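Asks:
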Amino acid sequence: MLKLTEGSGTLDWQNSAYANQFCAITRSLVLAGCAQDSVGSVLKAMGTAFGVSVPKSMSRHTVGWVMLEGGIASQIQVTHEINTTQAIMISSNGTSYHHVYFTSCHVALRMTWNGPDAHVVHLLGVDSSVNHTADTQVEGWKEKVQTLTSLYNESPFSQCNAMELSPLDVTDKLKGVSGDHSSDQLKSFCRLSDWKKENIYTCLGSQKLHHTPPNPVSNESIPQSPTPAQPPADSDAIIQSYGKQAFDALPNAEQ
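So in this note's numbering, the last one in the sequence shown is 242, and the numbering has no gaps at all.
1) Within 10 angstroms of the Cβ of S175, are there 16 or more other Cβ atoms? Answer buried if so, exposed if not.
2) Roughly how many angstroms lie between the CA atoms of N7 and R14, to the nearest whole one?
3) Hey, quick one: how far does the beta strand (DSSP E) through Y84 stretch, first residue to last?
4) Look up V108 in the DSSP assignment and say whether it is helix, strand or coil.
5) Would you kindly work out how many angstroms separate the C-alpha atoms of G34 and S40, rounded to a whole number?
6) For the region 9 to 87, list the beta strand (DSSP E) runs that are entirely contained and at least 3 residues long, ordered along the chain.
7) Ignore the nearest five residues each way along the sequence and tell me which others in Q133's own chain have a CB closer than 8 angstroms to its CB.
8) Check the DSSP bridge columns for Q176 and list the partner residues they point to.
9) Do you know offhand how far N70's Cα is from V157's?
10) My output table needs one value for V132: the three-state DSSP class, helix, strand or coil.
11) By DSSP, does L96 sit in helix, in strand, or in coil?
12) How would you call T66, buried or exposed, if buried means at least 16 neighbouring beta carbons within 10 angstroms?
13) On the DSSP letters alone, give me the boundaries of the alpha helix (DSSP H) that L274 sits inside.
14) On the DSSP bridge assignment, give the partners of V113 in chain order.
15) At which residues does the alpha helix (DSSP H) containing P143 begin and terminate?
16) Going by CA-CA distance only, name the one from E151, T49, L96, V164 that's closest to V17.
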């Protein structure tokens, strides 16, 4: 890692990686409008101003990876906040630019680790779509929830803490949808409500199957080994059971 050595005023290069603090400064510069090609020179100038030697200038390619890693980390963080809260609300808004539709998605929740009444609104992303219909918006929400939960469950953070989140859990926490008065928003609300109900039924059915004891009748559907052939019954016993008239009506082979 690239870290500051105590008393030397020099940034040491170790394991071909930058320290988290260095990456945080890089992301702040890019988000402030600094070009990725210029981040390395700006970091060296900042180090010189504070009396710190930066032996290696960060390349544009490395800046891109730092931004990508920061984006993935932010998605894991917001998904973890969804996992630890009791209720969420979602909202979206769209616009078009040169006949390309863009939709921004937000989630509002209460953070449990920053005070009991700390409400926050997080941006989940801005995505392009082929149109702005209600069905497209709902499908976009389903894909986004699936992407966030899959990323969270596959992350080392989730695996180390034995924490998982499924789309069923997200819809269970979903308590409201915010939007404007347009007809597509009203239709999207109905589609999202149907999606929530469908997931509730799926979750209840799964819980029922997991808690229901095995059905003893179900063993009858399992193929059993053939039983030994029974000896032929006595003809007098058959006549006594079914009657002589029914027995005489049978063909000779069956008699």
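Every residue gets a Cβ at the ideal spot worked out from N, C-alpha and C, and that includes glycine.
Just so you know, these numbers come straight off a predicted model, no measurement behind them.
Replies: Once the coordinates are examined:
1) Start at 1 with the first residue of the sequence shown, and residue 175 comes out as number 188. Under this definition S175 is a buried residue.
2) By 1-based counting over the sequence shown, the position of residue 7 is 20. By 1-based counting over the sequence shown, the position of residue 14 is 27. Taking the straight line from one Cα to the other gives about 11 angstroms.
3) Within the sequence shown, the letter at position 97 stands for residue 84. Y84: member of the beta strand (DSSP E) spanning 75 to 84, first to last residue.
4) In the sequence shown, counting from the first residue as 1, residue 108 sits at position 121. V108: strand per DSSP, three-state reduction.
5) Taking the first residue of the sequence shown as 1, we reach residue 34 at position 47. Taking the first residue of the sequence shown as 1, we reach residue 40 at position 53. Between the alpha carbons of G34 and S40 lies a distance of about 6 angstroms.
6) The region 9 to 87 is shown to contain whole beta strand (DSSP E) runs of 3 or more residues at 75 to 84, in chain order.
7) Residue numbering aside, residue 133 sits at position 146 when the sequence shown is read from its first letter. P154.
8) As a working mapping, residue 176 is identified with position 189 in the sequence shown. Before going further, note that residue 176 is Phe rather than Gln in the sequence given. Beta-bridge annotation (DSSP): F176 is not paired with any residue.
9) Locating residue 70 in the sequence shown gives position 83, counting from the first residue. Locating residue 157 in the sequence shown gives position 170, counting from the first residue. Using only the alpha carbons, I get a separation of about 8 angstroms.
10) Numbered from 1 along the sequence shown, position 145 holds the residue referred to as residue 132. The answer is helix: DSSP assigns V132 an H, G or I state.
11) Here residue 96 is taken as the residue at index 109 of the sequence shown, counted from 1. Residue state, collapsed to three classes: strand.
12) To locate residue 66, count along the sequence shown from 1; it is residue 79. Classification of T66: buried, given that the 10 Å Cβ count is 16 or more.
13) This structure cannot speak to residue 274, because the chain is shown only from -12 to 242.
14) Here residue 113 refers to the residue found at position 126 when the sequence shown is read from its first residue. Partner(s): S91.
15) In the sequence shown, counting from the first residue as 1, residue 143 sits at position 156. Here the alpha helix (DSSP H) through P143 covers 143 to 147.
16) Here the question's residue 17 lines up with position 30 in the sequence shown. The shortest C-alpha separation from V17 is found at T49.
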